[in-house]
Every structure is written in structure tokens, then in C-alpha cells.
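K.L.:
Just so we're aligned, residue 1 is where the sequence shown starts under full-length UniProt numbering, counting upward by one.
The structure that follows is given in the form of C-alpha cells.
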Amino acid sequence: MVFGSRVQLPIEEWPQPLTNIEQQVLELKPSTSLMAHIEVNPLITAVEKFSSLNELKRVFSYVLRFIDGCRKRRATSAYLSLAESDRALEAIIRITQQCYLRDELKAVKSDEPVGNPLRPLSPILNSAGILAVGGRLSQAPLPESSKHPVLLPKTAHLTKLLINHYHDMTLHGGPKVVQSLLQRFYWIIGARNLVRNLLSKCVKCIRMKPMFHQPLMADLPASRFAQGRAFLNVGVDLAGPFSLKSGPRRNSPIVKAYFSIFVCMSVKAIHLELLSSLSTPCFLAALDRFIGRRGLPSAIFSDNGTNFRGAARHLSETHQFLASSQPQIESHLLAHQIAWIFNPPSAPNFGGLWEAGVKSVKKHLKHVLHNQSFNYEEFQTILISCEAICNSRPLCAIGVNPNDGVDILTPGHFLTGAPLLARAESDVSETYIPPLKRWLLVSQATQCFWKRWKSDYLNTLIQRNKWTSSTDNIKVDDVVIIQTPNCPPQHWPLGIVTKVSPGVDEVVRVATVRTSHGVLSRPASKLAILPVGDPRE
1 MVFGSRVQLP
11 IEEWPQPLTN
21 IEQQVLELKP
31 STSLMAHIEV
41 NPLITAVEKF
51 SSLNELKRVF
61 SYVLRFIDGC
71 RKRRATSAYL
81 SLAESDRALE
91 AIIRITQQCY
101 LRDELKAVKS
111 DEPVGNPLRP
121 LSPILNSAGI
131 LAVGGRLSQA
141 PLPESSKHPV
151 LLPKTAHLTK
161 LLINHYHDMT
171 LHGGPKVVQS
181 LLQRFYWIIG
191 ARNLVRNLLS
201 KCVKCIRMKP
211 MFHQPLMADL
221 PASRFAQGRA
231 FLNVGVDLAG
241 PFSLKSGPRR
251 NSPIVKAYFS
261 IFVCMSVKAI
271 HLELLSSLST
281 PCFLAALDRF
291 IGRRGLPSAI
301 FSDNGTNFRG
311 AARHLSETHQ
321 FLASSQPQIE
331 SHLLAHQIAW
341 IFNPPSAPNF
351 GGLWEAGVKS
361 VKKHLKHVLH
371 NQSFNYEEFQ
381 TILISCEAIC
391 NSRPLCAIGV
401 NPNDGVDILT
411 PGHFLTGAPL
421 LARAESDVSE
431 TYIPPLKRWL
441 LVSQATQCFW
451 KRWKSDYLNT
461 LIQRNKWTSS
471 TDNIKVDDVV
481 IIQTPNCPPQ
491 HWPLGIVTKV
501 SPGVDEVVRV
511 ATVRTSHGVL
521 SRPASKLAIL
531 PVGDPRE
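Quick look at the structure:
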């Protein structure tokens with residue numbers, strides 16, 4: 001017996017035998033490797049390292065002077081001359097043509113026909129041995145450079161440097177000005193599109209006249225379609241100031257007054273409250289008066305007042321009030337279980353419903369106020385009259401068919417059952433109506449209004465009146481120009497997008513931008529993308 005051997009172990013614990021390895025020799029097929037060698041002219045590589053034509057000519061001028069010095073032809077001056085600069089430019093043009101127009105040069109030197117792109121130009125070699133346009137102007141009273149301009153390809157780096165040089169020389173002139181100056185000395189193949197493309201990427205030109213990003217108009221929010229009582233979801237805004245007399249006497253001192261507007265998001269009914277000042281208690285009192293007369297809203301939408309902080313000297317008092325009173329108003333609404341929803345900063349188009357309401361009220365006030373001074377009670381009466389007029393305006397287009405009836409749907413139908421300026425109806429208070437039937441009549445009238453609201457009014461909201469085309473979304477790390485009011489375009493700040501907020505339709509309409517002064521949230525319509533990675537930046 002051999003102690004410690006595997007014979008002492010049970011059969012189940014014996015190690016498994018080694019798997020037999022099949023001795024197969026795979027067929028090896030020869031493979032072919034192709035290597036493409038692209039010959040790159042080192043001089044062209046050197047030219048492409050420059051972003052300025054003057055710098056390129058200066059360096060090549062010193063290189064040619066050094067070569068002349070090696071040949072014992074010393075320079076007469078320590079400074080570069082115009083002849084040396086022109087000589088350097090001719091050398092750069094020769095290098096460019098030998099790289100990009102090699103076949104055309106060979107064809108012209110051997111008196112063979114050139115290809116189709118250059119055949120109408122009848123290319124020739126000028127006195128400096130440079131490929132130029134032959135054309136039909138040899139007898140014209142023009143300079144030699146205009147009769148036979150030098151041919152340049154549009155893909156060469158030298159061509160881009162020349163376009164940028166003439167663009168700077170003309171103080172950032174337009175494409176037509178730059179192209180007209182270029183054609184006096186050079187003929188660039190496809191110059192028009194190339195000049196427009198390069199000038200559209202000029203950072204200074206973009207900063208002076210940026211193309212702001214305009215996303216597709218968003219779908220209407222669900223609050224615009226909520227069926228229920230009026231003013232369930234409201235938008236609020238402030239307007240003013242207006243000059244009023246503090247008392248009924250003629251010599252009463254003049255004070256400022258404002259008004260707040262509450263707009264129903266569903267039926268566009270408005271409610272106006274006069275404010276004696278832009279203080280937080282005054283606005284909260286107006287809010288309580290609105291709640292007492294119109295009911296408790298579930299949500300209030302408004303502009304974001306925080307975007308006006310830090311610029312109080314340049315802004316109106318209403319914007320300052322929104323910025324300074326935001327915490328107090330939020331706590332007051334929290335006690336009433338009301339949600340206060342803010343629009344993005346500097347985005348008045350997000351609150352177009354109440355902005356249009358302010359515009360309508362001011363339009364009526366301008367026709368009444370003129371240069372007259374009213375006291376508080378008189379102005380409040382005028383303001384409520386404007387409210388009644390705005391709540392009597394039709395919600396949809398007025399038809400021309402007489403069979404449609406004369407009862408046009410207005411916001412007043414959802415407030416009082418009829419337009420607020422409708423004439424008085426006959427007295428039916430003595431007519432007996434059974435209680436059940438009376439309730440059915442009221443329900444029928446209410447349902448009729450909402451049925452007309454869905455059939456007549458909602459169809460008017462289906463179209464996008466503007467911002468109908470979709471554009472590429474703003475992305476993170478994009479360099480943007482931020483449009484700033486009361487500031488010239490050349491001083492508009494730059495920023496980098498750090499966060500985007502796409503909507504339900506995946507369209508970015510709000511972005512967070514980091515600037516040298518902090519982090520801002522701005523609508524996409526106030527941002528212009530700046531091209532990066534361009535040699536002219």
C-alpha cells in the first residue's frame with residue numbers, strides 16, 4: 001500500500017482525465033496589406049500653420065533674405081521692403097499652384113488643353129511664371145493684374161488667408177466688397193460661395209450681428225386646456241406706473257400707481273387690480289382681493305423676477321419689485337396651497353398670454369387718459385371698464401353667415417353667462433321654473449359654453465403663427481453669445497452651455513450658461529452659437 005496515493009480516495013474524488021487535444025493545423029491563407037502613401041509638400045504644411053497673411057509673408061521674406069545671404073547677396077536694409085514682401089507672396093503662390101494645380105501647370109507649359117473647370121479661362125503663364133487667367137481682356141485699358149489675375153484653388157490655405165486679409169482690410173466688409181477687391185489681383189475658383197462661407201464664420205461680424213437660435217414653437221401647456229371654472233390657472237403680471245392725483249382737489253399732489261393683471265389660462269378672461277405702490281403688502285392685498293372675487297387658483301404663472309437682480313439701475317420698478325418680493329409672495333401662496341410657476345429668466349415669449357393682456361389694457365387706457373390726471377377712484381373705475389371691454393372681446397373669428405347667430409363666444413360667458421357689456425334682458429324673475437329644470441338649464445348653458453369653447457376656440461390655437469421651422473438644438477459645451485438689454489452687441493457677454501433643458505418634444509428651449517460673472521439660465525432665443533475652432537477666432 002502506498003500511503004498518500006489517489007488509490008486511497010473514493011472514485012468520485014479522482015481527478016478528471018485530460019481532454020484530448022485534437023491535432024489540427026488550420027489553413028493559413030496569405031493576406032494582402034495595402035499602404036497608401038500620400039506625398040505632402042512640407043512647404044504647404046508650413047503655410048498651413050499661419051493664420052495671418054502678413055505674418056506668412058514676413059516669415060517667408062526673412063527666409064528668402066537668409067537664402068540670399070547664404071549666396072552672398074546681403075540685404076541693404078534691416079527692415080523688409082515692399083519688393084521683398086511681394087517676392088515672398090509670389091513664392092507662396094508658386095508653392096500653392098505646384099501642389100493644387102500641378103496638372104494644369106503641366107498642360108499650360110506643354111501647350112495642351114486644360115480641364116473643364118479652367119478651360120473657359122484660357123490659363124497662361126505670366127511674366128513671373130505663375131499660372132494666371134488668359135481671358136479676353138488683353139487689350140482692355142486695365143492694369144496687368146486685373147487683365148490676367150492669378151489663379152488660386154478654393155481649397156488652398158493661402159486662398160482663405162487672402163479672403164480674411166481683404167475682409168480685415170475693408171473693416172469687415174461684406175462678401176461683394178471682398179470679392180470685388182480680390183478679383184483685381186486673383187481669380188479664385190468658386191470664389192462667391194467660399195467668400196460667403198468664410199465671412200459667415202468671422203467672430204467679430206457674428207458678435208456685431210449674431211443669428212440667435214430660434215427653436216420650434218412649443219406645444220401649448222395643459223393649463224391652457226383645463227376645463228373648469230374660470231381663473232383656475234392664471235398668469236399674473238404688473239404694469240405701470242401711471243400718474244394719479246392723490247385727492248379730488250385740483251392741486252392735489254401727483255403720485256404713482258400701478259395695476260396687476262390676472263389672466264385665465266383657459267378662456268383668456270382678465271382681472272385687473274389697482275395698486276397704490278409696488279410694495280409686497282400691496283401686491284398681496286391685491287392677490288387676496290382677486291382670490292375673494294374669483295376663487296382660489298390652483299397655479300399662478302409669472303415671469304421670473306430674479307433675472308433682474310444686479311441691474312436695478314437700468315430696469316423698471318415692476319421688475320425690481322418682482323426680484324425683491326419673491327420670497328414673501330412665495331410664502332403667502334404656500335399658505336393658500338397655490339403653486340407659483342416661474343418662466344425662465346429673460347423669456348417674455350413664455351408669458352405671451354398675459355403680455356398680450358397688458359398690451360390690450362394699455363391700448364384702451366391710452367385712448368382715455370391722454371394728458372389728464374385722475375384720482376384713485378376715477379382711475380379704478382376706468383380700469384374696471386377696461387376689464388369689462390377685454391372680457392367682452394370674441395374668442396374666435398366672427399362669421400359672416402347670418403344663420404350662425406349673434407351670440408359670439410367671449411370670456412364673459414364663462415364669468416357671468418353672457419358678455420359683460422351685453423344689454424339687459426327681460427325680467428323673468430316672476431316666472432316659475434321648477435327647481436330641477438332650473439338646475440338643468442344652468443348646467444346646459446355651462447356645457448354649451450364649453451362645447452363652443454372646444455369646437456370654435458381651440459381650433460384657432462392649432463397653428464403656429466411663427467417659429468415654424470425646427471433648428472439644431474443647442475448642445476452642452478457650445479460657446480454662445482448672450483443677448484443683454486440696454487447693452488451694445490459688442491459688449492454682450494460670452495458663455496459656455498453647461499446644461500440644456502429639452503421639452504417634451506426633445507426641443508431645447510432653455511439652457512444654463514456659465515459666464516465670467518456666474519451661471520445664468522436663459523431661453524434659447526436669447527443665445528447665438530459662436531463658431532469655435534476657426535483660425536479667425
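For every residue, glycine included, the Cβ atom is placed at its ideal position computed from N, Cα and C.
Nothing here was measured: the structure is a model prediction, and the numbers come from that model.
Considering only their Cβ atoms, is the gap separating I300 from W354 smaller than 8 Å?
P.N.:
Going by C-beta atoms, W354 is not nearer than 8 Å to I300.
K.L.:
Could you give the distance in angstroms between the alpha-carbon of P489 and the alpha-carbon of Q483?
P.N.:
In a straight line, the C-alpha of P489 is about 8 Å away from that of Q483.
K.L.:
Look up I300 in the DSSP assignment and give the residues it is bridged to.
P.N.:
For I300, which the question treats as bridged, DSSP gives the partners V234 and W340.
K.L.:
Restricting to Cα atoms, I'd like to know which of L395, L56, D237 and I291 is closest to K359.
P.N.:
Checking every option, the nearest Cα to that of K359 belongs to D237.
K.L.:
Using C-beta distances below 8 Å, list every residue in its chain close to V108, excluding the 5 sequence neighbours before and after it, in chain order.
P.N.:
Hits under 8 Å: V114, P123, I124, L125 and L131.
K.L.:
Would you mind stating whether V150 and I92 have Cβ atoms separated by less than 8 Å?
P.N.:
Cβ distance not < 8 Å, so V150 and I92 don't count as in contact.
K.L.:
Distance check for R58 and P143, CA to CA, integer angstroms please.
P.N.:
Taking the straight line from one Cα to the other gives about 26 Å.
K.L.:
Output the residue ranges of the alpha helix (DSSP H) runs that lie fully inside the segment 54-106 and measure 4 residues or longer, sorted by chain position.
P.N.:
Whole alpha helix (DSSP H) segments, 4+ residues: 82-100.
K.L.:
Sort out for me which residues DSSP pairs T515 with in a bridge.
P.N.:
G518, per the DSSP bridge assignment.
K.L.:
What does DSSP give as the partner residues of C264 in its beta bridges?
P.N.:
BP columns for C264 point to V234.
K.L.:
Taking just the CA atoms, how far does N486 sit from T471?
P.N.:
Whole-angstrom Cα-Cα distance: 28 Å.
K.L.:
Measuring straight from C-alpha to C-alpha, what distance separates H167 and R207?
P.N.:
So the two alpha carbons sit approximately 16 Å from each other.
K.L.:
Could you compute how far the alpha carbon of D111 sits from the alpha carbon of K147?
P.N.:
If I take the Cα positions, the gap works out to 21 Å.
K.L.:
In angstroms, rounded to a whole number, what distance separates the CA positions of T381 and K526?
P.N.:
Their backbone Cα atoms lie some 39 Å apart in a straight line.
K.L.:
Is the segment 170-188 touching the segment 215-234, taking contact as three or more C-beta pairs under 8 Å?
P.N.:
Taking 8 Å as the limit for Cβ pairs, the verdict is that the segment 215-234 does not touch the segment 170-188.
K.L.:
Take P348 and list the residues in its own chain whose beta-carbon comes closer than 8 Å to its own, dropping the five residues that flank it on each side.
P.N.:
Correct list, in chain order: D303 and E355.
K.L.:
Cα separation between R136 and N197?
P.N.:
In a straight line, the C-alpha of R136 is about 29 Å away from that of N197.
K.L.:
Ignore the nearest five residues each way along the sequence and tell me which others in residue 542's own chain have a CB closer than 8 Å to its CB.
P.N.:
Since the first residue of the chain shown is 1 and the last is 537, residue 542 is not available in this structure.
K.L.:
Can you list, in chain order, the residues of its chain with a C-beta nearer than 6 Å to that of I529? Leave out the 5 residues immediately preceding and following it.
P.N.:
These residues qualify, in order along the chain: D478 and V480.
K.L.:
Count the other C-beta atoms from every protein chain shown that fall within 10 angstroms of the C-beta of S429, then say buried if there are 16 or more, exposed otherwise.
P.N.:
For S429, the pLDDT reaches just 44, beneath the cut-off of 50, and the residue's location in the model is therefore unreliable, leaving the point undetermined.
K.L.:
Starting from S122, follow the alpha helix (DSSP H) in both directions and report where the run begins and ends.
P.N.:
Note, S122: premise wrong, no alpha helix (DSSP H); not H, not E.
K.L.:
With H, G and I counted as helix, E and B as strand and the rest as coil, what does DSSP make of A269?
P.N.:
A269 falls in the coil class under three-state DSSP.
K.L.:
Should Y79 go down as buried or exposed, given a rule of 16 or more other Cβ atoms within 10 Å for buried?
P.N.:
Classification of Y79: exposed, given that the 10 Å Cβ count is below 16.
K.L.:
Could you give the DSSP three-state label for R509: helix, strand or coil?
P.N.:
In this structure, R509 counts as strand in the three-state DSSP scheme.
K.L.:
Between the alpha carbons of F66 and E84, how many angstroms are there, rounded?
P.N.:
Cα-Cα distance, rounded: 12 Å.
K.L.:
At which residues does the alpha helix (DSSP H) containing T45 begin and terminate?
P.N.:
Counting along the chain, the alpha helix (DSSP H) containing T45 begins and ends at P42 to V47.
K.L.:
Could you pull out every residue in the same chain whose Cβ sits closer than 8 Å to the Cβ of M169, ignoring the five residues on either side in sequence?
P.N.:
Closer than 8 Å at Cβ, skipping near neighbours: L181.
K.L.:
Ordered along the chain, which non-local residues of its own chain (more than five positions away) have a Cβ less than 8 Å from that of A226?
P.N.:
L232, N233, M265 and S266, listed in sequence order.
K.L.:
Nearest to S501 by alpha carbon, out of S223, R224, I474 and G518?
P.N.:
Considering only alpha carbons, the answer is I474.
K.L.:
Since K499 is in the beta strand (DSSP E), which residue starts that stretch and which ends it?
P.N.:
Residues L494 to P502.
K.L.:
Secondary structure at L151, three-state DSSP: helix, strand or coil?
P.N.:
L151 falls in the strand class under three-state DSSP.
K.L.:
Going by DSSP, what residue range makes up the alpha helix (DSSP H) through A191?
P.N.:
A191 -> alpha helix (DSSP H) spans A191 to L199.
K.L.:
How big is the Cα-Cα spacing for Q183 and A191?
P.N.:
Distance between the alpha carbons of Q183 and A191 is about 9 Å.
K.L.:
Tell me the residue span of the alpha helix (DSSP H) that contains V369.
P.N.:
In the sequence under discussion, the amino acid at residue 369 is Leu, which differs from the Val named in the question. Segment G352 to L369, the alpha helix (DSSP H) holding L369.
K.L.:
Suppose the cutoff is 8 Å on Cβ atoms and the five residues either side in sequence are ignored; what does the same chain contact list for G351 look like?
P.N.:
Excluding positions up to five away in sequence, the list reads G235, D237, F301, S302, D303 and N343.
K.L.:
Between the C-alpha atoms of R119 and L494, what's the straight-line distance to the nearest angstrom?
P.N.:
Roughly 48 Å between the two C-alpha positions.
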